[in-house]
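Trainee: In numbering that gives the first Met the number 0, the protein residues as written are 0 to 296.
Each residue gets a CB set at the ideal place from its N, CA and C atoms; glycine is no exception.
Bear in mind that the values here come from a model prediction, so they are computed numbers and not experimental data.
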Amino acid sequence: MSVAPVTMKVPASTANLGPGFDSLGLAFNLYLTLHITPSETWSFEHRSDILAGLPNDESHLVYQVAKQTADTYGATLPPLHIVMESEIPLARGLGSSAAAIAAGIEIADRYANLQLSKEEKLKIGNRFEGHPDNIGASIFGGMVAGVSFNEEAEIVHLPAPEMDLVVIIPPYELKTEDARRVLPDSFTRTQAVEASAVANVLLAALFVKNYPLAGQMMEKDLFHEPYRTVLIKEFPDARKLAGEAGAYATVISGAGPTILTFAPVGKGEQIAGIFGQAFQHCDIQQLQIEKHGVQYV
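1) So, with DSSP's three-state summary, where would you put Asn15?
2) Residues in its own chain within less than 7 angstroms of His223 by CB, not counting five upstream and five downstream?
3) Who are the near neighbours of Cys281 in its chain, counting only those whose CB is closer than 8 angstroms to its CB and skipping five residues on each side?
4) Ordered along the chain, which non-local residues of its own chain (more than five positions away) have a Cβ less than 8 angstroms from that of Leu205?
5) Who are Pro37's beta bridge partners in DSSP?
6) So, at 7 angstroms on beta carbons, what are the nonlocal neighbours of Glu128 in its own chain, with the 5 sequence-adjacent residues on each side left out?
7) Alpha carbons only, please: which of Ala244, Leu25, Ser22, Ala237 is nearest the one belonging to Gln279?
8) Label Ser252 either buried or exposed according to how many other C-beta atoms from any shown protein chain fall within 10 Å of its C-beta, with 16 as the threshold for buried.
9) Can you tell which of Glu172, Arg46, Leu202, Thr260 has its C-alpha closest to the C-alpha of Val165?
10) Express the C-alpha separation of Ser95 and Gln63 in angstroms, rounding to a whole number.
11) DSSP state of Pro183, grouped into three classes?
12) What's the gap between the Cα of Ile81 and the Cα of Gly242?
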């Protein structure tokens with residue numbers, strides 16, 4: 000094995016896109032970056048304030064995922080020194096844990112010589128995440144549609160939509176478990192049929208590039224947004240302002256609290272400016288869809 004350092008980049012992701020609950024994911028250009036060097040013992044070093052407080056030993060999530068992945072295949076994982084940087088804020092609905100899981104799987108694949116396909120990596124990631132949207136986007140890049148059957152998962156890698164993206168990242172965290180706690184335990188059959196139909200039309204509209212219709216469907220979600228809106232105080236005003244400025248749709252990114260706006264190409268800068276005035280306490284960013292998943296640079 001080469002002793003030369005390797006640098007890996009894993010993209011952030013959003014999930015749901017409105018009604019695509021736990022099944023639609025999209026990668027974009029915020030990254031978890033790992034500088035990896037073979038070492039005598041396992042250790043982690045964090046160079047981003049975002050990562051402050053994470054462990055520097057074998058209790059680290061990246062190590063735990065890498066070790067369990069190698070163990071699954073009866074392989075030996077050599078010790079590594081990993082320097083991590085991140086642009087992905089934690090507990091904001093931007094796929095930070097999925098990026099870390101994808102990194103751990105990739106480390107096991109490379110350093111334990113597992114030679115896994117992307118589909119095999121997805122199935123491993125799904126076992127850790129419980130759904131394939133964020134982890135699928137981080138592994139494959141672009142847009143993905145996936146379904147989880149207990150420990151198994153299937154995914155379709157889709158053409159990335161041609162849109163501008165703008166995010167509002169509030170200063171507060173929202174843990175996924177807290178965001179799930181407000182959801183109903185069940186839906187009536189009528190509710191489930193309507194909600195599923197909305198998701199189907201969303202996907203069909205994206206496929207034929209009917210983005211205005213796709214935007215309408217994104218904002219008609221019945222699975223999670225009606226219940227989570229109360230947890231994200233900026234959301235109603237953001238949707239109203241973006242709609243008035245000509246955006247296709249404004250949705251909750253993953254479990255929140257990040258708010259994601261999809262806009263016609265060329266409109267993102269204007270909408271980001273409007274958000275900057277209205278939500279001065281938040282981090283406003285224009286993002287691009289990342290068409291590649293895990294990469295070595």
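Mentor: If we stick to the structure as given:
1) The count along the sequence shown starts at 1 and reaches residue 15 at position 16. Asn15: strand per DSSP, three-state reduction.
2) Numbered from its first residue, the sequence shown carries residue 223 at position 224. Answer for His223: Asn15, Phe20, Leu182, listed in chain order.
3) Counting from one through the sequence shown, the residue named residue 281 turns up at place 282. These residues qualify, in order along the chain: Ile167, Ile168, Pro169, Pro170, Glu233, Phe274.
4) Locating residue 205 in the sequence shown gives position 206, counting from the first residue. So the qualifying residues of the chain are Met142, Leu157, Pro160, Ala213.
5) For the purposes of this step, residue 37 is identified with residue 38 of the sequence shown, where counting begins at 1. Pro37 is bridged to Leu79.
6) The residue labelled residue 128 in the question sits at position 129 within the sequence shown. Correct list, in chain order: Ala97, Ile100, Ile134.
7) Within the sequence shown, residue 279 is the residue found at index 280, counting from 1. Nearest of Ala244, Leu25, Ser22, Ala237 to Gln279, Cα basis: Ala237.
8) Your numbering for residue 252 matches position 253 in the sequence shown. It counts as buried.
9) Within the sequence shown, the letter at position 166 stands for residue 165. Ranking Glu172, Arg46, Leu202, Thr260 by Cα distance to Val165 puts Thr260 first.
10) Position 64 of the sequence shown, counting from 1, holds the residue named residue 63. Position 96 of the sequence shown, counting from 1, holds the residue named residue 95. The alpha-carbon atoms of Gln63 and Ser95 are separated by roughly 16 angstroms.
11) Translated into positions along the sequence shown, residue 183 becomes position 184. Coil.
12) Residue numbering aside, residue 81 sits at position 82 when the sequence shown is read from its first letter. Residue numbering aside, residue 242 sits at position 243 when the sequence shown is read from its first letter. Straight-line Cα distance between these residues: approximately 43 angstroms.
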